[in-house]
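Take any residue in the sequence shown, note its place counting from 1, add 27, and you have its number in the working numbering. See below for the structure under consideration.
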Amino acid sequence: MAALPFDYQTVLYAKDTFLFGSEFYNLITLQDGWTTLVADGGTSAAVTDAVGGRLSMITGATDNNEVAVRSSFEIFLVADNKPMRLETRIQYTEANTDDANVMVGFMDALAANSLVDDGAGVRTTGNYFVFFKVDGGTVWQVRSRNDTETETNSTGITAGGASFQKLRIEIDNEGSGTNVEVKFFIDDIQCVDATTLRPIVHTIAVASSTEMNAGLYVKAGSANSETLVADWFWAWQKR
28 MAALPFDYQT VLYAKDTFLF GSEFYNLITL QDGWTTLVAD GGTSAAVTDA
78 VGGRLSMITG ATDNNEVAVR SSFEIFLVAD NKPMRLETRI QYTEANTDDA
128 NVMVGFMDAL AANSLVDDGA GVRTTGNYFV FFKVDGGTVW QVRSRNDTET
178 ETNSTGITAG GASFQKLRIE IDNEGSGTNV EVKFFIDDIQ CVDATTLRPI
228 VHTIAVASST EMNAGLYVKA GSANSETLVA DWFWAWQKR
């Protein structure tokens, strides 16, 4: 199997790989390949002034307001010999202690209530590979699901704060052709399980996979507005 280029600068010149994403110096939905979801009274998703540009996603101050920005079409699919990558640099500061709900990754039909209301976590249907943090929690969790099996771990790493964090998901063939291995990285360090302290590697069957969007998502967990800021976002896959 040909190796998938690790960095998106290289992937720009790789003829066997396609790239989706933005530095967020501009955002014209549909035309740029992005679709914006502002649901349940969510306020906005817009590019803001910053060196190179940044995306600001604002929920508004109503419990369960939500905002998502995703690829307009489901262009990613777990398949044999088609490794995938997703990487983004994000920041958010809790408006009220631990109430924000945040998710980053690949998901089929990424839409309203992909993170369930009232801190209930990621929906329990479909195909996805995500970082997420829920109302009432303070650390990043990771989950892989292909509609027949699910694996979830807590990283023990604090989510959010004043500093940006770089999140990366790597999906590669496990070797048998029937499974993929999924790894998660924060600031270029592979995540380990908070309890076992072993590297997190999800082994997920290729069978039952379906096409997925790639995107970012934030939901308010109280009557306080939450803001998710993205410096850039890239996802790529071997054709």
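For glycine and all other residues, C-beta sits at the position ideal for the given N, C-alpha and C.
Quick check: the Cα distance between residue i and residue j, rounded to an integer number of angstroms?
i, j, result
"Trp259", "Thr205", "32 Å"
"Glu201", "Gly163", "35 Å"
"Val143", "Asn154", "16 Å"
"Val161", "Asp145", "9 Å"
"Val74", "Ser49", "11 Å"
"Glu121", "Ser203", "43 Å"
"Phe17", "Met239", "The requested residue 17 does not occur in the structure, where the chain is confined to residues 28 to 266."
"Ala247", "Asp135", "22 Å"
"Thr139", "Thr63", "The sequence as given places Ala at residue 139; Thr does not occur at that position. For Ala139 and Thr63, the distance between alpha carbons rounds to 11 Å."
"Asn251", "Ala72", "17 Å"
"Phe158", "Gly60", "22 Å"
"Asp174", "Ala262", "22 Å"
"Asp76", "Thr70", "18 Å"
"Ile196", "Arg172", "14 Å"
"Arg116", "Asp90", "26 Å"
"Ala29", "Val96", "Model confidence at Ala29 stands at a pLDDT of 48, short of 50, so the residue's coordinates are unreliable; what they give is reported in the following sentence. Near 31 Å, if we compare the C-alpha coordinates of Val96 and Ala29."
Tell me whether residue i is buried or exposed, calling it buried when 16 or more other Cβ atoms sit within 10 Å of its Cβ.
i, result
"Ser249", "buried"
"Tyr244", "buried"
"Leu113", "buried"
"Gly242", "buried"
"Ile198", "buried"
"Gly79", "exposed"
"Tyr119", "buried"
"Glu176", "exposed"
"Thr152", "exposed"
Compute the beta-carbon to beta-carbon distance between residue i and residue j, rounded to the nearest angstrom, for a pair I have assumed lies under 8 Å.
i, j, result
"Thr179", "Cys218", "Not really, about 12 Å apart at Cβ, beyond 8 Å."
"Val131", "Val207", "Not really, about 19 Å apart at Cβ, beyond 8 Å."
"Lys265", "Pro110", "5 Å"
"Gln192", "Ile216", "Contact doesn't hold; Cβ gap of about 11 Å is too wide."
"Ala257", "Arg81", "7 Å"
Q) Whole beta strand (DSSP E) runs in the stretch 180 to 212 with 3 or more residues, listed along the chain? A) 192 to 200
Q. Okay, do the stretch 96 to 103 and the stretch 177 to 195 touch, 3+ Cβ pairs below 8 Å being the bar?
A. no
Q) Contact between the stretch 79 to 86 and the stretch 222 to 230: three or more CB pairs below 8 Å? A) no
Q.
Counting beta carbon pairs with one atom in the stretch 230 to 237 and one in the stretch 123 to 131, are three or more of them shorter than 8 Å?
A. no
Q. Taking only runs of the beta strand (DSSP E) that begin and end inside the stretch 45 to 109, which ones reach a length of at least 3 residues, in chain order?
A. 61 to 66, 71 to 75, 81 to 85, 93 to 98
Q: Go through the stretch 125 to 181 residue by residue and report every complete run of the alpha helix (DSSP H) that reaches 4 residues or more, in order.
A: none
Q) Quick one: complete beta strand (DSSP E) runs, 3+ long, within the stretch 216 to 265? A) 228 to 232, 240 to 246, 254 to 265
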